[in-house]
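All remarks here apply to the structure that follows.
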Amino acid sequence: MPANPQENVLPIEGSGRVLARHDRRIGSILAEEGKLGVEDIEQVMQLQQTNGLRFGEAALRLGLITEDDLRCAVAKQYDLPHLLPGNDSISGELVVAYEPFHPRAEELRALRTQLLMRWSKAGVGHRALVIASPGSGEGRSYVAANLAVVFSQLGERTLLVDADLRTPRQHRIFNIPDRVGLSAVLSGRADRGAVAPVREFGRLSLLPAGAPPPNPQELLSRPALGAFLQEMWTEFDVMLFDTPPAKLYADAQNVAFRAGNVVMLARKDHTRLADTTSVIRELSDTGVRVVGTVFNAF
């Protein structure tokens, strides 16, 4: 991690509006959080003026705050939604939520930027993306969940759909009940009300998989999926889909056909190149746009 995150943070922009609040000072935020008292602030300011340091650097040098304290304060200064260490409301797998300046978080934000640029260049209106990979244990749920958070941190109204009706995980990652979800929507037993807001991130919602159906592939092949997506475009800017292994089941292909875009994952020392190439070819043959391949070392 960067020793001084203040030098590595830029204003975050999304949907045509700047989210950063430059008028909030680090010292004020640390005081509001109870990390610094009046006497502490006076000490910091004295060292700051004497040595020409930033406020956060001076507070660190005096041992009054930790690097985690400073990172959280910087995140608040720039309105970057995040969770404090020790908060167990959602899974620790969400590195972008708990450690927004971690190298993995930076890599996920870089992926987000590349996707936005490619969508913009291609003139894509509806930004829907399937997270796919050939086999099990390749990080689809991890990437889908964290990517959903970074899109919401940008200010995009984001919907994460757990379309893995076989071994769903998103409800566990976000600690949201999955009694009703996508399976009920596709079978006509539920509607938009199955979408659950993620309270920790105001711009993020989750449609869990719901009860495991006996016929996931048939459900995902129904026109109901396309109709549901059309309805959701009135409320969301970005939709992401977690899916089962594409080499084992055709579920991912069915979802990708509706969404139109796929990012393919390959895991270091795990995924076979031949399997990745085969799945990409199958998706491309159906008219699905494979926007990129991510080499996942997580």
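So for the sequence shown, numbering that gives the first Met the number 0 puts the first residue at 0; every next one is plus one. Note that beta-carbon positions come from the ideal geometry of N, C-alpha and C, so glycine has one too. None of the values given here were measured: they were computed from a predicted structure.
Bounding residues of the alpha helix (DSSP H) (the contiguous stretch that carries residue i)
i: residue 95; result: 94-97
i: residue 279; result: 272-284
i: residue 175; result: No alpha helix (DSSP H) holds residue 175; DSSP gives it neither H nor E.
i: residue 43; result: 37-50
i: residue 220; result: 215-220
i: residue 141; result: 139-152
i: residue 26; result: 25-31
i: residue 106; result: 102-121
i: residue 60; result: 54-60
i: residue 183; result: 181-185
For residue i, the three-state DSSP class (helix, strand or coil)
i: residue 292; result: strand
i: residue 235; result: coil
i: residue 161; result: strand
i: residue 22; result: Note that residue 22 has pLDDT 41, beneath the 50 cutoff, so the model's placement of it is unreliable and no number is given.
i: residue 269; result: coil
i: residue 17; result: With a pLDDT of 30 at residue 17, under the threshold of 50, the modelled position of that residue is not reliable, and the figure given next carries that caveat. In this structure, residue 17 counts as strand in the three-state DSSP scheme.
i: residue 156; result: coil
i: residue 256; result: helix
i: residue 223; result: helix
i: residue 251; result: helix
i: residue 63; result: coil
i: residue 70; result: helix
i: residue 189; result: coil
i: residue 170; result: helix
i: residue 287; result: coil
According to DSSP, residues forming a beta bridge with residue i
i: residue 130; result: 241, 262
i: residue 195; result: 205
Whether residue i touches residue j by CB criterion (8 Å)
i: residue 42; j: residue 291; result: no
i: residue 241; j: residue 219; result: no
i: residue 156; j: residue 236; result: yes
i: residue 254; j: residue 110; result: no
i: residue 138; j: residue 271; result: no
i: residue 175; j: residue 195; result: yes
i: residue 46; j: residue 57; result: yes
i: residue 51; j: residue 25; result: no
i: residue 377; j: residue 244; result: A question about residue 377 goes unanswered here, because the residues of the chain that appear run from 0 up to 297.
i: residue 203; j: residue 159; result: yes
i: residue 227; j: residue 184; result: yes
i: residue 246; j: residue 274; result: yes
*Is the stretch 104-111 touching the stretch 52-67 in the sense that three or more CB pairs, one from each, lie closer than 8 Å?*
Taking a cut-off of 8 Å for Cβ pairs, the stretch 52-67 and the stretch 104-111 do not touch, as fewer than three such pairs fall below it.
*So, do the stretch 259-271 and the stretch 129-137 have three or more beta carbon pairs nearer to each other than 8 Å?*
yes
*Is there contact between the stretch 95-104 and the stretch 225-235, where contact requires at least three CB pairs shorter than 8 Å?*
no
*Taking contact to mean at least 3 C-beta pairs separated by less than 8 Å, is the stretch 161-175 in contact with the stretch 205-216?*
yes
*asked:* Count Cβ pairs between the stretch 185-195 and the stretch 140-149 that sit closer than 8 Å; are there 3 or more?
replied: no
_Does the structure place the stretch 171-188 close enough to the stretch 198-213 that three or more beta carbon pairs sit under 8 Å?_
yes
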